[in-house]
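This report concerns only the one structure given below.
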Amino acid sequence: MRSLLLTILAFGLSPFVSSAQITWKRTYGGYGVDRAYSVRQLADDGSIVLGSTGSFGAGGGDVYLFRIDNSGERLWSRTFGGPGVDQGNSVRVLDDGGYVFVGSTDAGNGYDGSLVRTDDSGIAVFEKSIGTTDWDFLHDVQALPDGFLAVGTSYGTGNGAGDIWLVRTDLNGDTLWTRSLGGAWSDEGRSVRATPDGGAVLAGGIGRDDGDGDVVVIKVDAAGTEEWRTELGGDSLDLAMSVALLPGGGYAVGGWSDSYYPERCMYVAKLDGQGQLEWENPLSTADADWEGHEVGADASGNILLAGFTKAYGAGGADFYLLTLDTDGQYVNGPTYGGAGDDQAWSFDFCADGGFIVAGGSESFGPGNAAALIIRTNGQPDNGPVIEELDPLRVPNVPFQERWPIHPNPVSPGQLLTIDVDVPVLHAELLDMHGRPVHAWQRPTTSLVTPCLPSGVHVLRLQLGGGSILSAPLLVR
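Start counting the sequence shown at 35; every next residue gets the next number (our numbering).
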């Protein structure tokens, strides 16, 4: 077993900020907040992209699915969702040319996981809500010969504050079984990959009694029964966002860690086929945040991790695509972005040896944030970002008039009023992944909006009488 620590110093900057080597850069969306969370490459060299939109659809946030050709031209776009907050997290390509994706849906009384299958034009074949009596999220999905396997986080399975949640369905999206793999503390399931033996490997986070957590990788058999687990990380909060199978056997794990530096760092680890650690690599400078979001491996076994860095680039957070060799040594790490915050969430391999990278941008696009897609193939391109305004239908009902909270949108420091006739017992804000980002100590029907990044959040209120209200809140 070997443990590697890679620190990128300022005087070693040149590999990170060399010519961007991109084929094209495009944004997609409207005048609201739009982001891409998953991209998959297609047989015709185009791509399917999944994310969320605050610009179009039926509610305060909808699933955003669009298809592009190999030059980035949008061929079609679709939205899915109801009057609440819906988000798409992971999309996969099916053998029949269609797609399956998972995410979350909220009609105002709490989140459920969502599983949607479409045809090759993005028209829904089925849409399923899967959940318990409490909040549930699905973060990743795999297509199997006889159905689908999804992983996420459930707060209603009874094993703790949040549990790793595995859901198996048939080809019609009907649930065959679910498994809860968490412990007594808050756990998260973020990624799943089918394995050649008919089972699967999962990755996420496992909570500890001190409120922090570790990276966890779990191998299960075809029935969802745990075979082994490996916990990694340090003395603070660590989370695996993604796991990938390596061509020679074993697994690559990617995510982030708060344990190794004063600021958050990218985290990469390599495990053998039995889950034993071969090496781990926290990547950072000591004075800026980094995060890894999706990991993959090329045919040679090199490990790539897409995410963001605030250490280098054009300003704020920038797309970052890290490449390590089979021993965990640094190979390459270009940045892409503008003066605002730009975060890569997903990538895939292209047939020409390049990559397609997807995420969200606050630097480019017509609105507050746009879905940003970059195709890189090793050729330099210093051209501008092409900004597209999607012609999808804008919601007819004003965002702020559907919920008893105003103003909406709201700015940090502004007073937020809750129009209810009962006391507010608990009030908290969650991000679009269901993670708490702020709680008020003594909530009333008037709340001061905290300083948060712009975008769609969820205001969750526990009211007198036992009722719970969840409402989308757009922070400008």
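Note that beta-carbon positions come from the ideal geometry of N, C-alpha and C, so glycine has one too.
Between Tyr370 and Ile408 the beta-carbon gap is near 5 angstroms, inside 8 angstroms, which marks them as a contact.
For Tyr295, the three-state secondary structure derived from DSSP is coil. Here DSSP, grouped into helix, strand and coil, assigns Trp313 to strand.
Taking C-beta atoms as the reference points, Cys384 and Gln75 count as a pair closer than 7 angstroms. In this structure, the CA atom of Phe114 is about 7 angstroms from the CA atom of Gly91.
Around the beta carbon of Gly95, 16 or more other beta carbons lie within 10 angstroms, which makes this residue buried.
Here Gly122 is bridged, per DSSP, to Gly137.
Taking 7 angstroms as the cut-off, the Cβ atoms of Glu265 and Ile252 do not count as close. When the Cα atoms are used, Asp352 and Asp375 turn out to be separated by approximately 6 angstroms.
In the three-state reduction of the DSSP assignment, Leu149 falls in the strand class.
In this structure, Met275 lies near Arg224, with their beta-carbon atoms less than 7 angstroms apart.
Partner residues in the beta bridge of Lys59, as assigned by DSSP, are Ile408. In this structure, DSSP gives Asp248 an extended state, which the three-state scheme calls strand. Looking at the DSSP output, Asp68 bridges to Thr87. Assigned with DSSP and collapsed to three states, Ala218 falls in coil, not helix or strand.
When the five nearest sequence neighbours on each side are left out, the beta carbons in the same chain lying within less than 6 angstroms of the beta carbon of Gly207 are those of Leu149, Phe160 and Lys162, in order along the chain.
According to DSSP, Pro470 shares a beta bridge with Leu464. For Gly118 against Pro506, the beta-carbon gap comes to about 7 angstroms, under 8 angstroms, which counts as contact. Under the three-state reduction of DSSP output, Asn336 falls in the coil class, being neither helix nor strand.
Residues Lys253, Gln308 and Gly309 of the same chain have their beta carbon placed closer than 7 angstroms to that of Trp262, with the five preceding and five following residues left out of the count. Around the C-beta of Ala286, 16 or more other C-beta atoms lie within 10 Å, and the residue is accordingly described as buried. If you look at Trp169, you'll find it isn't in any beta strand (DSSP E); DSSP assigns it neither H nor E. When beta bridges are read from the DSSP output, Met300 appears opposite Trp290 and Leu317.
Rounded to the nearest angstrom, the gap between the Cα atoms of Ser220 and Val250 is 12 angstroms. For Tyr364, the enclosing beta strand (DSSP E) covers residues Tyr364 to Asn366. When the five nearest sequence neighbours on each side are left out, the beta carbons in the same chain lying within less than 6 angstroms of the beta carbon of Asp197 are those of Ser188, Thr191, Ser214, Gly216 and Asp221, in order along the chain. Around the Cβ of Arg476, a 10 Å sphere holds fewer than 16 other Cβ atoms; the residue is exposed.
With respect to the 7 angstroms criterion, Asp321 and Ser293 are not classified as neighbours on the basis of their beta carbons. Your pair Ala340 and Val391 checks out as a contact, with CB atoms roughly 6 angstroms apart and the cut at 8 angstroms. Taking 7 angstroms as the cut-off, the Cβ atoms of Leu84 and Val134 do not count as close. With respect to the 7 angstroms criterion, Gly132 and Thr152 are classified as neighbours on the basis of their beta carbons. Judged by DSSP secondary structure, Tyr98 falls within the beta strand (DSSP E) whose first and last residues are Asp96 to Ile102. Under DSSP, Gln308 shares a beta bridge with no residue. Separation of the CB atoms of Glu314 and Trp290 is rounded to 13 angstroms, and the pair is thereby denied contact status at 8 angstroms. Annotation: Asp154 to Val127 spans about 9 angstroms, alpha carbon to alpha carbon.
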